[in-house]
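Taken in sequence, the protein lines are chains A and B.
For reference, each letter of the first sequence is one residue, going -17 to 608 in this note's numbering.
For reference, each letter of the second sequence is one residue, going 11 to 187 in this note's numbering.
Think of the CB as a built atom: it goes at the ideal place given N, C-alpha and C, for glycine as much as any other residue.
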Amino acid sequence: MALLQIAEPGQSPDPHKRKLAVGIDLGTTNSLVATVRSGESVTLPDEQGRHTLPSVVRYSAEAQPEVGYDAHASAVADPHNTIQSVKRLMGRGIADVRKLGEELPYRFERTEEGMPYLVTAAGAKSPVEVSADILRTLQYRAEQSLGGELSGAVITVPAYFDDAQRQATKDAATLAGLKVLRLLSEPTAAAVAYGLDEGAEGVIAVYDLGGGTFDISILRLSKGVFEVLATGGDSALGGDDLDLALANWLIAELGLGQNLSASEARYLTEQSRAIKERLTDEPSVEVELAVAGAQKTVTVTRETFGELIKHLVTHTIRACRRALKDAGIAVEDVKDVVMVGGSTRVPQVRAAVADFFGRAPHIDIDPDRVVALGAALQADVLAGNKPDSEMLLLDVIPLSLGLETMGGLVEKLVHRNTAIPVAKAQEFTTFQDGQTAMAIHVVQGERELVDDCRSLARFVLRGIPPMAAGAAKIRVTFQVDADGLLSVAAQELSTGVQSSIQVKPSYGLSDGEIERMLKDSYSHAQEDLALRNLREQQVEADRLLQSLEQAIAVDGDALLEAAERQSLEASMQTLRELREGGDYKAIEAGVKALAQASDEFAARRMDAGIQRALRGHSVDEIEEGR
Amino acid sequence: MDIKQNYFEFYGLPEAYELDLGQLADRHLELQKQLHPDRFAHLSDQERRMSAQYTAYLNEGYATLRSPLLRAQYLLKLRGIDTHNESSAQIDPMFLMQQMELRERVEEAPQHTDPDGELAALDQEVAQAMAELQAEFRRMIGEPSQEALDAAASAVRKMQFLDKLSREIERLEDELY
């Protein structure tokens, strides 16, 4: 049945133009793209009808990179140029990668920034670029299928991803030319997919064991709001580790040494994965293996496999216990448990989760697709397609953020499981007479020593006037946005000397590098970067003008004096004229000027919104009181 | 941007220690629905930025009002007493003695024959003492006299000690797993 779309005046400027928005699950093993079509969230297949895209990219000297099934087919034959599980490298430094290193067949090249680059036939590739290639493939698929340019995407990340990993993911989207509407936690996305289907209320737990990451989130669902109470996990634990545990056992069974070639090692992990998957339905699996001169028929029972992975499963259950404690929720108060991620098909994992929570977990929605489906639902709302939607997703920061203080200790400014967005300030002082600069080292993690936490960024506040030790007052402010991304500002209070940075992780890409890569990709695609800049600024100008027009239509009479309104409308006219010119810098400046001119109006509207929310409440209470 | 209302005003709640947590939670969700950046995702950068600032204030306010200790500290701060950042303050020596004894027991708990049970018992004891101090604070903060305000501040300082202790218990519990 066709539904009439009814838009309130000023609610939807162009009701006929539905924005094309997608949800993307950028997974360790597989990736998916989904969208809302006729009110229903669906994953989009490729031309062959396949919904999942293996997160595998193969580089070659001459041709464009291959992404997906074809690349995966070359994994054993061409291990150095075929990049798998790149998600495990996102936002990681060379030292972290070394820790994973023995299990990865790639060659790394170290850069000045300390970010590991993968050496391939097509040159050195950062993990961000590899992820961008996967995103581009999904974007192309979506645009082909939906018949137009995407206005934005919600991209999911593990809830336990730290700032560096989130930033790297966002950078990958920028490189692919995707506008990120939001980075959304995978367990929250899954909860949305379940919650909207069932109109659930109450506390739920989402256990998400994917290919390379593990998350546990405790959420409260109430009237369309999904509030994350606490989250925990391990961003380096997943199905890959289950495969490795089995592969190591196979190496021992076959009597092989540790000196396997990259191909041989990959052959064994691929075999292990296949055995693991078969063990979901069969109590015991017999395989004939031929590798590195050894040939043997090996039998793996479910019990054997269970023993091999027991410590990993126990580790996840411990994280569940801690998340419940952080949420202040007793295990009996959890109404439902939802399973997400391909690795939750492993019977031992299901049994352990059911045992801990004392109830059978939900597995009704395909655990491989549920995250993308939920992300698409949020993308639809964020793009502005559902102005009446009550849905709102409230998230927390998974790991504490702090600063290095004297003696290599960490002073935490934002504690784990704090609701975001959040802003926190703390004052510090100098420790030497006449000190004129202060080094600021931002770290993330729960441990007390800096060396045990993740280093996010270092910067220096200079120009502090020479004073006695302890006299200067330096205020450091941490701001975390709704995507979980941090920016830090430092200010000396007596002089107002300021220094601030958008935290670019110690081994992330700099803005310059991103720009260069973007330029490169555009010269290949024969599209002009300047044209792209112009289009972006025009879109931003339109967005600002449109939302101001609506705002004036709704609240102009109530909240603006006649003179204020006139001056605002004059600024708007200026921007309209600039927009028609071809100078993107002038438009950018015009947007900034208009934003400033309308700041006060925007603030009044926010306050009016608060009053409305509170008033709405007292009305309810009066009615209930009758 | 400068939000001038204090957290109680922001939530439209009376400025008192006694608080209906259910009502606070409901209002929090209502305000989130108005202010959260996701409500402005398709609008201009400016509105998104502003909504992030408001929401950050909202989240901080919610965390403060929801926690019995933070709420008490905040009420004192509104009356010009900052117990959180003060460098020195007089604390009842009897209380300090009890604290030292408790702290010793906490530190020795991992060596106890039943560390889980001992930590749970200590947790219970700290919670009990905390509840008594909260009751004391509730009585005193409502009184108009300076003596009562001093007594309220003194209760909060004691609560701060107990809070540190309960965090230490939690840390040891984490380590046992």
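Subject >> Check whether A/A212 and A/D308 have beta carbons under 9 Å apart >> reply: Yes.
Original post:
Does the beta carbon of B/D92 sit closer than 9 Å to a beta carbon anywhere in chain A?
Top reply: Between B/D92 and chain A, the shortest Cβ-Cβ separation is not below 9 Å.
Original post:
Does B/F20 have its Cβ less than 9 Å from a Cβ in chain D?
Top reply: Of the chains in the structure shown, none is chain D; the protein chains are A and B.
**OP:** Would you please verify whether the beta carbon of A/L160 is less than 9 Å from any beta carbon of chain B?
**Re:** No, its Cβ sits nowhere closer than 9 Å to a Cβ of chain B.
Original post:
Going along chain A, which residues have a C-beta under 9 Å from B/Q44?
Top reply: Within 9 Å Cβ-Cβ: M588, G591, I592, R594, A595.
Subject >> Pair within 9 Å by beta-carbon distance, A/A419 and A/G390 >> reply: Cβ atoms of A/A419 and A/G390: not closer than 9 Å.
Original post:
Under 9 Å, do B/L45 and B/L68 count as touching if we go by C-beta distance?
Top reply: Yes; because the gap between Cβ atoms is below 9 Å, this pair is in contact.
**OP:** Could you tell me whether any Cβ in chain B is nearer than 9 Å to the Cβ of A/K292?
**Re:** When Cβ-Cβ separations below 9 Å define contact, A/K292 makes no contact with chain B.
Original post:
For the alpha helix (DSSP H) that A/F143 lies in, which residues bound it at each end?
Top reply: For A/F143, no alpha helix (DSSP H) encloses it, and the DSSP letter there is neither H nor E.
Subject >> Unbroken beta strand (DSSP E) run spanning A/N12, endpoints >> reply: If you look at A/N12, you'll find it in the beta strand (DSSP E) that goes 12 to 19.
**OP:** Check B/K168 in the structure and name its three-state DSSP category.
**Re:** Looking at B/K168 - three-state DSSP - the assignment turns out to be helix.
Subject >> Outcome for A/Q519 when other beta-carbon atoms lying within 10 angstroms are tallied against a minimum of 16 >> reply: That one is buried.
Original post:
Who are the near neighbours of A/A365 in its chain, counting only those whose CB is closer than 6 Å to its CB and skipping five residues on each side?
Top reply: Same-chain partners within the cutoff: K1, A3, S133, G134.
Subject >> Residue interval of the beta strand (DSSP E) (run including A/E393) >> reply: Start and end: 391 to 396.
Subject >> Alpha-carbon to alpha-carbon, A/E125 and A/F196 >> reply: So the two alpha carbons sit approximately 31 Å from each other.
Original post:
With C-beta atoms as the reference, is B/D133 less than 9 Å away from B/S176?
Top reply: Cβ atoms of B/D133 and B/S176: closer than 9 Å.
Original post:
Quick one: is B/K200 buried, meaning 16 or more other Cβ sit within 10 Å of its Cβ, or exposed?
Top reply: Examination of residue 200 of chain B is not possible in this model, given that chain B is present from 11 through 187 alone.
Subject >> A/L560 in three-state terms, based on DSSP >> reply: It is helical.
**OP:** Let me know if A/E111 comes out buried or exposed under the rule of 16 or more other beta-carbons within 10 Å of its beta-carbon.
**Re:** A/E111 counts as buried, since at least 16 other C-beta atoms from the protein chains shown sit within 10 angstroms of its C-beta.
Subject >> Span separating the alpha-carbon of B/D188 from that of A/L376 >> reply: This structure does not reach residue 188 of chain B, given that chain B is present from 11 up to 187, and the question cannot be answered.
Original post:
Beta carbon of A/R148, beta carbon of A/V136: below 9 Å?
Top reply: Cβ atoms of A/R148 and A/V136: not closer than 9 Å.
Original post:
Looking only at its own chain, which residues have a Cβ that is under 8 Å from the Cβ of B/E135, when we skip the five neighbours before and after it?
Top reply: Same-chain partners within the cutoff: L112.
Subject >> Residues that A/R0 contacts on chain B, provided the C-beta gap is smaller than 8 Å >> reply: Here the premise fails: no neighbours, minimum Cβ distance about 12 Å.
Subject >> Partners in chain B for A/A575, counting only beta-carbon separations shorter than 9 Å >> reply: Those within 9 Å of A/A575 in chain B number zero; the least Cβ separation is about 11 Å.
Original post:
Could you give the residue range of the alpha helix (DSSP H) that holds A/F287?
Top reply: Membership of A/F287 in the alpha helix (DSSP H) is indicated by the continuous run 284 to 309.
Original post:
Any idea what DSSP makes of A/P447, helix, strand or coil?
Top reply: When DSSP states are grouped into helix, strand and coil, A/P447 belongs to the coil group.
**OP:** Buried or exposed for A/Q508, please, with buried defined as at least 16 other CB atoms from any protein chain shown within 10 angstroms of its CB.
**Re:** Only weak support exists for where A/Q508 lies, its pLDDT of 48 falling under 50; the coordinates are left without a value.
Original post:
What's the C-alpha gap between B/F171 and B/D102?
Top reply: Distance between the alpha carbons of B/F171 and B/D102 is about 12 Å.
Original post:
Taking just the CA atoms, how far does A/I198 sit from A/A301?
Top reply: Taking the straight line from one Cα to the other gives about 7 Å.
Subject >> Pairwise C-alpha distance: A/A464 and A/N367 >> reply: A/N367 and A/A464 have their C-alpha atoms some 20 Å from each other.
Subject >> Separation of A/S529 from B/G22, as counted between CA atoms >> reply: Between B/G22 and A/S529, the C-alpha separation is close to 28 Å.
Original post:
Got a sec: is the Cβ-Cβ distance from A/A585 to anything in chain B below 9 Å?
Top reply: Under the Cβ distance rule, A/A585 counts among the residues neighbouring chain B, one pair being separated by less than 9 Å.
**OP:** In angstroms with no decimal places, state the Cα-to-Cα distance between A/T25 and A/G221.
**Re:** Those two C-alpha atoms are separated by around 22 Å.
Original post:
What does B/N69 touch in chain A if you count any residue whose Cβ is under 8 Å from its own?
Top reply: Near B/N69 (Cβ distances below 8 Å), the residues of chain A are T400, A401, I402, P403, V404.
Subject >> Distance, A/L374 Cα to A/D537 Cα >> reply: A/D537 and A/L374: Cα-Cα distance of roughly 24 Å.
**OP:** Since I believe A/V210 is in contact with A/V378 (beta carbons under 8 Å), could you give me their beta-carbon distance rounded to a whole number of angstroms?
**Re:** With a Cβ gap of about 5 Å, A/V378 and A/V210 count as contacting.
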